[in-house]
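Residue numbers (the numbering used here), protein chains in the order written: chain C, 457 to 873; chain A, 659 to 816.
Glycine included, every Cβ here is placed at the ideal spot set by N, Cα and C.
Report on the structure given below.
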Amino acid sequence: MNRDLASGPIVWLGIILTTCLLLVLFQTMLWLVMPVLLAVVAYYLLSPLVAFAMSRGMSRGRAVLIITVILSVILLGAGFFVAPKINSTVHSLPTQISEYGQVATRLVENFKQSLYNYLPFLKPRHVVPISDLNEGNSAAPESVVAPVAPPLTLKLPPAAAPASVPTAPATSGTSSDDLTNEVADLPARYSGDIALELAHWIPSLFLVPFITYYFLLEGPRFKRFLVQAIPNAFFEKTLYLFYRVDDQLRRYFQGLLALTALDALCLGTGLYFFGLSAPFFLAVLAAVMAWLPYLGSIAGGLMVVLVAAKDFPESHWLPYEVVGLFIGVRLLDDFVFMPLTVGRSLHMHPLVTVLMIMLAGAVAGIAGLLLVMPVLGVVMVAGQIIGELVTDQRILARHRHAQRLKRQRARADLYEE
Amino acid sequence: MLFGLPNRSNPQLQLLKNVVLFKDLSWRELAMVDSLMHARSYIADEVIFDEGEEGQGLFLVLSGRVKIILPDEAKTTLIELGPGAFFGEVALLDQSVRTAQARAIEDSQIVALFRTEFYSLLKTNSAIASSISFQLARALAARLRQAVLSTGRHHEAA
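Below, the structure written as structure tokens:
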């Protein structure tokens, strides 16, 4: 943090409250915030290319147009290349889901068996099938007891389960069987929801290149337009504010990319030594998923573990080793890489970073977790500068002096002597 | 027009052409520099910047008159500047504080070139930035020479 801009507790309270309010607001219009956020990322990635083209004598308009066209061609080419694979994946999705469901079931079963081997007191002693009871076998032996533990079930939203999906039989089996069935049913239950969610998001994602194009083309002019509205006394400080916000966002997104690269490198190297297929592709995918704090990491970890279990069905311990590796990389990420990259890029104390992530999750859920760092970075800079402006008596006096001069000018010749 | 592109008939561009810093620039280059500048209007007696403030950039007088006031007891006027003159140029080179106050003598049109925007110009169009830097260095050298001569005359008089 710039020592000149060190702020007091009131300014920091304002920064935290404003960040929370903005996160709650952004959560309600996430369909618009997400494309704008992606466009901002693209802007910071592409602006060095625009600057390079301009340094070769090209006008901004032409440079932006050419870079956007090249990017669109690359994306379209990648789309044509990837589309057949996506098509085949979509066609084989039910089979894949079924296979991964079986892998997940096997994992849960293996875990259950391992748990019972090491902690035998958790093992249910015996359960009487209800069918036996119905058939009049009421004279149960003395050894028959009810399961000790209460039924263990996953709490899923009722709307998520379509009526046609058969539920796990509730009349037989133990609580751990219920868990196994729930895990096996997860892909079938949620695949429809995921498809619906994608259909909802895709149209707004088409806005991203459009917004990026205008950010690149009109960004400097829009900044000048905004600065025109600033009173003269605050002019230089406000220009500095714009510069700091721009610098803050640039550092954040550069930090995020560095963090993703470090995560992917560590995880990919580990997976490579475990012998998984396409280790670095998986690692990059998991690192990108980790942009969503906590939930993204969990989903990425599950994905890697499932792939490991599917690739090496005979290896009993490999999934646990992969889980260990993943937890190790996450710990490195949270306590070493993140404070060194994103936290440092925002000049933010690691404790503040972690506390704000937790607070954002509490007030705005997943959207809050995703947006908290860039929003906090911008609000922090703005808060510090505004705090400086409103407490600088000299600047306020200059502004009042200018207002008085303008009022005198406006009143001149208004009244006859 | 909200985002009108500057062209040769733009009056602000005509005024910039008279500024010594930009005398070697073509109209196209001048339009590029103009797109980085911020236009401000100051009323007579309004303070443009204060002594002790952190300077962010250079100011150019397009119309009106501006005086630079030393921070001494008598508030001595160091110099009066008219159209085509520039001041606060040291802030373009480093993040130093202003050493004097600038105040409009009459209603003035001023444009400001911010330091970070000048640095971006150095990266994106080094030919333009070099031309401005060269003219700036000449102007600073002239002022230094004038200050040295003035000090020498004071010593001779003493």
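Assuming residue i and residue j are in contact, meaning their beta carbons sit under 8 angstroms apart, how far apart are those beta carbons, in whole angstroms?
i, j, result
"residue 696 of chain A", "residue 680 of chain C", "6 angstroms"
"residue 715 of chain A", "residue 773 of chain A", "5 angstroms"
"residue 746 of chain A", "residue 710 of chain A", "Contact doesn't hold; Cβ gap of about 13 angstroms is too wide."
"residue 740 of chain A", "residue 761 of chain A", "Contact doesn't hold; Cβ gap of about 14 angstroms is too wide."
"residue 467 of chain C", "residue 839 of chain C", "5 angstroms"
"residue 813 of chain C", "residue 751 of chain C", "So it is not a contact: roughly 12 angstroms between Cβ atoms."
"residue 490 of chain C", "residue 660 of chain C", "7 angstroms"
"residue 776 of chain A", "residue 744 of chain A", "About 13 angstroms separates the two Cβ atoms, so there is no contact after all."
"residue 694 of chain A", "residue 807 of chain A", "About 35 angstroms; that fails the 8 angstroms criterion."
"residue 674 of chain A", "residue 688 of chain A", "6 angstroms"
"residue 828 of chain C", "residue 479 of chain C", "6 angstroms"
"residue 723 of chain C", "residue 782 of chain C", "7 angstroms"
"residue 760 of chain C", "residue 727 of chain C", "7 angstroms"
Buried or exposed, going by whether 16 or more other CB atoms sit within 10 Å of the CB of residue i?
i, result
"residue 528 of chain C", "exposed"
"residue 679 of chain A", "buried"
"residue 783 of chain A", "buried"
"residue 465 of chain C", "exposed"
"residue 809 of chain A", "exposed"
"residue 485 of chain C", "exposed"
"residue 570 of chain C", "exposed"
"residue 847 of chain C", "exposed"
"residue 684 of chain C", "exposed"
"residue 735 of chain A", "exposed"
"residue 622 of chain A", "No answer is possible for residue 622 of chain A: the residues shown for chain A start at 659 and end at 816."
"residue 708 of chain A", "buried"
"residue 730 of chain A", "exposed"
"residue 864 of chain C", "exposed"
"residue 696 of chain C", "buried"
"residue 540 of chain C", "exposed"
"residue 801 of chain A", "exposed"
"residue 535 of chain C", "exposed"
"residue 616 of chain C", "Only weak support exists for where residue 616 of chain C lies, its pLDDT of 41 falling under 50; the value from the coordinates is given anyway. It is exposed - the Cβ of residue 616 of chain C has fewer than 16 other Cβ atoms within 10 Å."
"residue 576 of chain C", "exposed"
"residue 669 of chain A", "exposed"
"residue 793 of chain C", "buried"
"residue 599 of chain C", "Any reading at residue 599 of chain C must be qualified, since the residue scores a pLDDT of 44, below 50, and its modelled position is unreliable; no value is offered."
"residue 704 of chain C", "buried"
"residue 556 of chain C", "buried"
"residue 613 of chain C", "Note that residue 613 of chain C scores 44 on pLDDT, short of 50, meaning its location in the model is unreliable; the coordinates nonetheless yield the value given after this. Flag for residue 613 of chain C reads exposed."
"residue 868 of chain C", "exposed"
"residue 757 of chain C", "buried"
Residues of chain A with CB closer than 8 angstroms to the CB of residue i, please, in chain order.
i, result
"residue 844 of chain C", "Neighbours of residue 844 of chain C on chain A: none; closest Cβ ~10 angstroms, over 8 angstroms."
"residue 707 of chain C", "Under the 8 angstroms cutoff, chain A gives no residues; its nearest Cβ is about 14 angstroms from residue 707 of chain C."
Residue i touches chain C at which residues, Cβ-Cβ below 7 angstroms?
i, result
"residue 726 of chain A", "Residues of chain C passing the Cβ test: none, with the nearest at roughly 16 angstroms."
"residue 782 of chain A", "507, 510 and 511"
"residue 707 of chain A", "692"
"residue 774 of chain A", "699"
"residue 788 of chain A", "Within chain C, no residue comes near residue 788 of chain A; the closest Cβ sits about 12 angstroms away, beyond 7 angstroms."
Please compile the residues from chain C whose C-beta is within a distance smaller than 8 angstroms of the C-beta of residue i.
i, result
"residue 766 of chain A", "Here the premise fails: no neighbours, minimum Cβ distance about 11 angstroms."
"residue 687 of chain A", "Within chain C, no residue comes near residue 687 of chain A; the closest Cβ sits about 10 angstroms away, beyond 8 angstroms."
Starting from the beta carbon of residue i, find every residue of chain A whose beta carbon is closer than 9 angstroms, and list them in chain order.
i, result
"residue 861 of chain C", "701, 702, 703 and 704"
"residue 857 of chain C", "703, 704 and 705"
"residue 518 of chain C", "Correct list: empty, because the minimum Cβ distance to chain A is about 13 angstroms."
"residue 442 of chain C", "It is not possible to answer for residue 442 of chain C, since the shown part of chain C is limited to 457 through 873."
In chain A, which residues lie less than 7 angstroms from residue i when you measure between Cβ atoms?
i, result
"residue 683 of chain C", "696"
"residue 696 of chain C", "714"
"residue 680 of chain C", "696"
"residue 865 of chain C", "701"
"residue 562 of chain C", "Result: empty, since nearest Cβ-Cβ is about 57 angstroms, beyond 7 angstroms."
Along chain C, in chain order, which residues have C-beta atoms closer than 9 angstroms to that of residue i?
i, result
"residue 693 of chain A", "516, 676, 677 and 680"
"residue 747 of chain A", "Residues of chain C passing the Cβ test: none, with the nearest at roughly 14 angstroms."
Chain E beta carbons: is any one of them nearer than 8 angstroms to that of residue i?
i, result
"residue 566 of chain C", "In summary, chain E is missing from the structure at hand, where the protein chains are C and A."
Checklist entry - Between the region 556-564 of chain C and the region 706-715 of chain C, do at least 3 Cβ pairs fall closer than 8 angstroms? => result no
Next on the checklist: For the pair the region 683-696 of chain C and the region 846-861 of chain C, tell me if three or more CB-CB distances fall below 8 angstroms.
Outcome noted: yes
Checklist entry - Does the region 726-738 of chain C come close enough to the region 763-771 of chain C to have 3 or more Cβ pairs within less than 8 angstroms? => result yes
Checklist entry - Mind pulling the alpha helix (DSSP H) runs of 4 or more residues that sit fully within the region 706-751 of chain C? => result For the region 706-751 of chain C, whole alpha helix (DSSP H) runs of length 4 or above, ordered along the chain, are 735-745.
Item to check | Stretch-stretch touch, CB-based, cutoff 8 angstroms, three pairs: the region 714-725 of chain C with the region 737-748 of chain C | outcome: yes
Checklist entry - At which residue ranges does the region 672-709 of chain A contain complete beta strand (DSSP E) runs of 3 or more residues, listed in the order of the chain? => result 696-700 and 705-707
Checklist entry - Is there contact here, the region 496-507 of chain C with the region 520-537 of chain C, by at least three beta-carbon pairs under 8 angstroms? => result Enough Cβ pairs lie closer than 8 angstroms, so yes.
Item to check | Minimum length 3: unbroken beta strand (DSSP E) runs contained in the region 744-810 of chain A | outcome: 759-762 and 766-772
Checklist entry - Which runs of the alpha helix (DSSP H) spanning at least 4 residues fall entirely within the region 761-811 of chain C, listed in chain order? => result Taking only runs of at least 4 residues, the alpha helix (DSSP H) segments lying wholly in the region 761-811 of chain C are 774-788.
Item to check | Segment contact flag, the region 830-839 of chain C with the region 472-485 of chain C, C-beta cutoff 8 angstroms, min 3 pairs | outcome: Yes, they touch.
Checklist entry - Can you give, in chain order, each stretch of the beta strand (DSSP E) that sits fully within the region 713-738 of chain A and has at least 3 residues? => result 715-721 and 724-727
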